[in-house]
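The structure under discussion appears below in the form of structure tokens.
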Amino acid sequence: MLTRRDSLRLLAGTVMGAAALPARSAIAADTPPPWTVTGSGSLPPFDDLMRSFMESRSIPYASLAVVRQGKLMLARGYNSTSGPVLAQPTSLFRLASVSKPVTATAIMKLVQDGRLSLSATVAPMLGLSTAADSRLGNVTVRHLLQHLGGWDRSVSGFDPMYREDSTISSALQVSLPVTQANIMDYVSTRTLDFDPGLRYAYSNYGYMLLGKVIETVTGLPYATYVRQNVLSPVKITRMAQGRTAQSLRRSTEVPYYSPYSDTTVMDDSGAQVPLPYGTFNLENMAAHGAWLSSAVDMAKFTTIFDAPGLLTSSTIGQMFAPPDGVPWSGSYYGMGWSVRPIGSALNTWHDGAYPGTSTLMVRRYDGLSWIVLFNRWDDALGQNYTADIDYPLHVAADRVTSWPNTDLFPSYGL
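If you use mature numbering (1 follows the signal peptide of the UniProt record, and there is no 0), the sequence shown corresponds to residues -28 to -1, 1 to 386, in order.
Dropping the structure here:
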């Protein structure tokens, strides 16, 4: 049985801690009605875990998909509430930072196709000014993929992709909402926190830049290129970019829950809005946190890395290789994935969180994979629920004594 090592990993998708949260006003929560499960497959250790976990944390909606040796074993929607929707295995959830492996895959497809070099410098490609810090001119595509670009929010106390919109709008004297171009202009006026390539520091901004690289190289909108060249080739058609406003929630998308509200960053009104719906600008997060997906579609996404197909074995190997010249112990961040060697095999994963969302995608060394999606984040503690369920999911997998022989992917069009 596995140790708790994966639970102690870097919370790569967590965007802020409790100390970073501004003062917020509480809004009333509903009392959850009876439990409902939808979907396909029968693996009781997973179902039992999900029920106990969600009930203990008052999580309204979740979805889980489990893959073994490339076949879909379980596809579930879990509901501790009766409305306004019923979560299905194909229901859309915000992925938060589980969007990053999608962007990394798109970048590596461009590299594989000879359209982009990992050593290409980003500033001239995107027209970023290096006047404030000449080191910005040394940041490469590889640096951005591996979070080596030189931005460290733990040093600067600043993540331009979250709750910094008023700072940027004031500095640039522009109205809310700020755009990606505004963010790039503003961040380029600040100095880097360390020399590019020197060390790892998780950067949402770096992945936003990767989205702009994709657009510059291809001449296509970021999401269009990803859908055409990464998702469609593996029959994933339900995934879409999320939208900030609650009124723009897609028809198959779950609602997001938080007991708190705060000031909107989407206009200058100063209006109070629920944390998931306007206290961060989802449209600006396209490449690092804005994808919507079902659990079954992300389960299919994990199979891209099981064998050559969309990506060659060489490209997959590059994505999971440790960064050159950067010290690491136990685990490291490759290109879009956290990686832990297990003998001659690998555990790879990514998680994500922001208000209303906690997500986790795991590829285990023994051919098991899973994706779990929640419509709530632990607002009070500033922690994502997927950090707590990580190890128990490994335990649940180890408790399965007989795996099905069937593959559920075809029943979901995959």
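From the three backbone atoms N, C-alpha and C, an ideal C-beta is built for every residue, glycine too.
Computed from a prediction, not measured in an experiment: that's the story for all the values here.
For residue i, the nearest candidate out of the options (CA to CA)
{"i": "Y134", "options": "L181, L64 and G250", "result": "G250"}
{"i": "M333", "options": "D137, M270, S141 and G191", "result": "M270"}
{"i": "residue 438", "options": "W300, S71, P16 and I288", "result": "The chain is shown only over -28 to 386; residue 438 falls outside these bounds and no answer can be derived."}
{"i": "S175", "options": "T188, Y337, S233 and V111", "result": "V111"}
{"i": "R335", "options": "T274, P294 and P280", "result": "T274"}
{"i": "S106", "options": "D167, T77 and M97", "result": "D167"}
{"i": "Y177", "options": "G122, R210, P364 and G306", "result": "G122"}
{"i": "P85", "options": "R348, G385 and N201", "result": "Reading off the sequence, residue 85 comes out as Asp, not Pro. Cα-wise, what sits closest to D85 is N201."}
{"i": "A103", "options": "E255, D157, P227 and G289", "result": "D157"}
{"i": "V159", "options": "D131, T93 and T188", "result": "D131"}
{"i": "L318", "options": "Y357, Y232 and I288", "result": "I288"}
{"i": "N51", "options": "N347, G109 and R40", "result": "N347"}
{"i": "T53", "options": "L88, T10, L254 and T93", "result": "T10"}
{"i": "A78", "options": "L247, E187 and S316", "result": "E187"}
{"i": "G354", "options": "L254, P280, Y232 and A262", "result": "Y232"}
{"i": "L247", "options": "S230, E255 and A262", "result": "S230"}
{"i": "A293", "options": "G281, L282, S310 and L254", "result": "S310"}
{"i": "R87", "options": "D278, Q60, G191 and T209", "result": "G191"}
{"i": "residue 448", "options": "L21, G129, E255 and V189", "result": "This structure leaves residue 448 out entirely; the chain is present only between -28 and 386."}
Test item: CB-CB of residue i and residue j under 9 Å
{"i": "V185", "j": "V127", "result": "no"}
{"i": "Y304", "j": "Y172", "result": "yes"}
{"i": "V74", "j": "G328", "result": "no"}
{"i": "I276", "j": "V206", "result": "yes"}
{"i": "L264", "j": "R312", "result": "no"}
{"i": "L15", "j": "V38", "result": "yes"}
{"i": "F65", "j": "A259", "result": "no"}
{"i": "Y337", "j": "A47", "result": "no"}
{"i": "S35", "j": "G49", "result": "yes"}
{"i": "L181", "j": "L120", "result": "no"}
{"i": "S69", "j": "A325", "result": "yes"}
{"i": "W300", "j": "M45", "result": "no"}
{"i": "P96", "j": "P227", "result": "no"}
{"i": "V94", "j": "H115", "result": "yes"}
{"i": "Y357", "j": "R29", "result": "yes"}
{"i": "G42", "j": "A195", "result": "no"}
Distance between residue j and residue i (C-alpha atoms, nearest Å)
{"i": "T320", "j": "R199", "result": "23 Å"}
{"i": "L203", "j": "L220", "result": "23 Å"}
{"i": "V367", "j": "P193", "result": "41 Å"}
{"i": "S330", "j": "L340", "result": "21 Å"}
{"i": "G302", "j": "A352", "result": "30 Å"}
{"i": "S241", "j": "V372", "result": "53 Å"}
{"i": "A243", "j": "T236", "result": "6 Å"}
{"i": "M238", "j": "S138", "result": "10 Å"}
{"i": "M291", "j": "S142", "result": "39 Å"}
{"i": "T8", "j": "E27", "result": "12 Å"}
{"i": "D370", "j": "L164", "result": "44 Å"}
{"i": "F381", "j": "L100", "result": "43 Å"}
{"i": "T284", "j": "G214", "result": "30 Å"}
{"i": "T224", "j": "S63", "result": "5 Å"}
{"i": "A217", "j": "P295", "result": "38 Å"}
{"i": "Y363", "j": "L117", "result": "26 Å"}
{"i": "G183", "j": "A76", "result": "9 Å"}
{"i": "S(-4)", "j": "M80", "result": "Low local confidence applies: a pLDDT of 35 at S(-4) is under 50, so the model's placement there is unreliable, with the coordinate-based value given in what follows. Computed Cα separation, rounded: 43 Å."}
{"i": "residue 389", "j": "P17", "result": "In this structure the chain extends from -28 to 386, so residue 389 is not present and cannot be described."}
{"i": "G297", "j": "D234", "result": "42 Å"}
{"i": "L90", "j": "F25", "result": "41 Å"}
{"i": "R125", "j": "I314", "result": "30 Å"}
{"i": "M211", "j": "L67", "result": "10 Å"}
{"i": "F252", "j": "I155", "result": "13 Å"}
{"i": "Q152", "j": "T378", "result": "45 Å"}
{"i": "L108", "j": "V150", "result": "22 Å"}
{"i": "A262", "j": "D350", "result": "19 Å"}
{"i": "S316", "j": "T161", "result": "45 Å"}
{"i": "E136", "j": "H322", "result": "24 Å"}
Terminal residues of the alpha helix (DSSP H) in which residue i lies
{"i": "H366", "result": "Y357 to R371"}
{"i": "P246", "result": "Segment Q244 to P246 is the beta strand (DSSP E) holding P246; no alpha helix (DSSP H) there."}
{"i": "R162", "result": "No alpha helix (DSSP H) contains R162, which DSSP labels as neither H nor E."}
{"i": "I186", "result": "N176 to T190"}
{"i": "K72", "result": "S71 to Q84"}
{"i": "T275", "result": "Where T275 is concerned, there is no enclosing alpha helix (DSSP H), given that its DSSP letter is neither H nor E."}
{"i": "S286", "result": "S285 to F292"}
{"i": "V9", "result": "That residue, V9, is in no alpha helix (DSSP H); its beta strand (DSSP E) goes T8 to S12."}
Boundaries (first-last residue) of the beta strand (DSSP E) holding residue i
{"i": "Y326", "result": "A317 to Y326"}
{"i": "R335", "result": "T329 to R335"}
{"i": "residue 387", "result": "The shown model of the chain, from -28 to 386, leaves out residue 387, and the question about it has no answer."}
{"i": "F346", "result": "L340 to F346"}
{"i": "P313", "result": "S310 to I314"}
{"i": "L46", "result": "K43 to N51"}
Closer than 9 Å to chain D by CB, residue i
{"i": "K72", "result": "Protein chains in the displayed structure number just one, and chain D is not present."}
### Completely contained beta strand (DSSP E) runs for the region 217 to 270, where each covers 3 or more residues
232 to 235, 244 to 246 and 263 to 265
### Task
Pick out the complete alpha helix (DSSP H) segments inside the region 99 to 164, 4 residues or longer, and give them in chain order.
113 to 117, 125 to 128, 137 to 144 and 152 to 159
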